Amino acid sequence: IKHLFPTQNCSHILQGPNGTIQSPGFPYGYPNYANCTWTITAEEQNRIQLVFQSFALEEDFDVLSIYDGLPQQGNLRTRLTGFQLPAPIVSTGVVLSLWLVSDYAVSAQGFQANYEVLPSHTCGNPGRLQNGIQQGTTFSIGDKVRYSCNPGFFLEGHALLTCHANSENSASWDFPLPFCRADDACGGTLRGQSGIISSPHFPLEYGNNADCTWTILAEPGDTIALVFMDFQLEDGYDVLEVAGTEGSSLWFTGMNLPAPVISSKNWLRLHFTSDGNHRQKGFSAQYQGKCLAEAVCIYTLLK
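All residue numbers for the sequence shown refer to the UniProt record's numbering, where the first residue is 1 and numbers rise by one.
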């Protein structure tokens, strides 16, 4: 049962070089119907790094949304729920926002995160791996971080990340954080010029509580086109997130076939999650690397 802490005074503006953010009532459980925002602002030529110390939200029903900028739909970076500690998040600009929404019943411990203002020419900590090892402790332009997995787990994604300068005063890692996959888990790393990604058991129904991540890696300088051939997910509860495009992640749910997706770099990441009930047919999508002319790539895949 949720603890009845008052939910008023739940919007916070945070400034300063660093600080801590906690869900109301942490660590004893947040209230029902929580609707809390935290907006962190830094001075020009800076960015904000958010590192979670603790994270436990009722899965699928209580959600922490992170925005790269003010809390507006177009700035949505990621939606967090459940009991896994999220990877660090680094803003691209001088504002990072969090929005916590809880439903009418059942609580968990909540979350605690530290934020720190970084100079914009650093990449920030890309994050540690669950069931893996991080080598490299500096995160400025030119620095590299290497990842490996514990015995019994396989590394998916790119093992070596390099901090690159994007422009005069900003930097980012060249690849997303890899992850350590158990032998029997869904998802994987896809290399090569083209291929197909589909939800587990497609064209039969996917299972409940699925959590699959696919990373498509192309050659440096190439982009990747992704064209959906079939798409049927339980609307609002089963979600496919696509990262690696210009701006924030794309989120797809329901029965409408998404428009083709073009990466902004030489990688795309698909993250599929389903909740505890109601299954659908799922999705199937074709990808192609070496996309120098977007329209040609999409036309080729649609043929």
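Every residue, glycine too, gets a C-beta built ideally from N, C-alpha and C. Source: prediction; values computed, not measured.
Contact check, PHE52 vs ALA113, beta carbons under 8 Å: Their beta carbons are under 8 Å apart, which means PHE52 touches ALA113 by this criterion.
Cα-Cα separation between VAL63 and GLY82, rounded to whole angstroms: Rounded to whole angstroms, VAL63 to GLY82 spans 8 Å at the Cα level.
Nearest-angstrom beta carbon gap, GLU205 and ARG279 [assumed within contact, 8 Å]: Indeed they touch by this definition, with Cβ atoms about 4 Å apart.
Chain-order list of residues whose beta-carbon lies under 8 Å from that of LEU14 (same chain, five-residue window excluded): Counting only Cβ-Cβ distances below 8 Å, and skipping sequence neighbours, we find ILE21, TRP38, THR39, ILE40, THR41, TYR115.
Nearest neighbour of GLY289, chosen from PHE283, LEU226, TRP251, LYS281 [CA to CA]: Check the Cα spacing between GLY289 and each of PHE283, LEU226, TRP251, LYS281: the tightest is with LEU226.
Where the beta strand (DSSP E) containing TYR115 begins and where it ends: For TYR115, the enclosing beta strand (DSSP E) has its first and last residue at 110-119.
Burial state of ARG181, where buried means 16 or more other Cβ atoms lie within 10 Å: Buried is the call here.
Beta-carbon separation (whole angstroms), PHE153 vs GLY132, contact threshold 8 Å: Between GLY132 and PHE153 the Cβ distance is about 7 Å, and since that is below 8 Å, they are a contact.
Pairwise C-alpha distance: GLY195 and CYS36: In this model, CYS36 and GLY195 are separated by some 42 Å (Cα to Cα).
Pairwise C-alpha distance: LEU250 and LYS265: Spanning the two alpha carbons is a distance of roughly 15 Å.
DSSP-derived helix/strand/coil call for ASN75: Helix, per DSSP.
Distance between VAL95 and GLY169 (C-alpha atoms, nearest Å): It is worth fixing the name first, because residue 169 is Asn in this sequence and not Gly. For ASN169 and VAL95, the distance between alpha carbons rounds to 16 Å.
Nearest neighbour of PHE202, chosen from HIS158, LYS281, THR273 [CA to CA]: For the residues HIS158, LYS281, THR273, the minimum Cα distance to PHE202 belongs to LYS281.
Completely contained beta strand (DSSP E) runs for the UniProt domain "Sushi" (121-182), where each covers 3 or more residues: 132-135, 144-149, 153-156, 160-167, 170-173, 179-182, all fully within the UniProt domain "Sushi" (121-182).
First and last residue of the uninterrupted beta strand (DSSP E) at TYR237: Premise fails: TYR237 is in no beta strand (DSSP E) and is neither H nor E.
Check whether ASP275 and ASP103 have beta carbons under 8 Å apart: No, these two residues do not count as a Cβ contact at 8 Å.
Sequence ranges, beta strand (DSSP E) only - wholly within the UniProt domain "CUB" (10-118), length at least 3: List check, beta strand (DSSP E) in window: 11-14, 18-22, 35-41, 46-56, 63-67, 76-80, 95-101.
Bridge-paired residues (DSSP) for PHE252: Beta-bridge annotation (DSSP): PHE252 is paired with LEU240.
HIS3, DSSP secondary structure in three states: Reliability of the predicted coordinates at HIS3 is poor, the pLDDT of 44 falling under 50, and no value is obtained from them.
Residue(s) in a DSSP beta bridge with ALA225: ALA225 pairs with ILE262, GLN288.
Between the CA atoms of VAL117 and residue 367 - distance to the nearest angstrom: The structure shown does not extend to residue 367, since the chain is modelled only from 1 through 303, so no value can be given for it.
Own chain partners of ASN18 with C-beta closer than 8 Å, once the 5 adjacent residues on each side are dropped: The residues are ASN114, TYR115, GLU116, VAL117.
Bridge partners - GLY192, DSSP secondary structure assignment: For GLY192, DSSP records no beta bridge to any residue.
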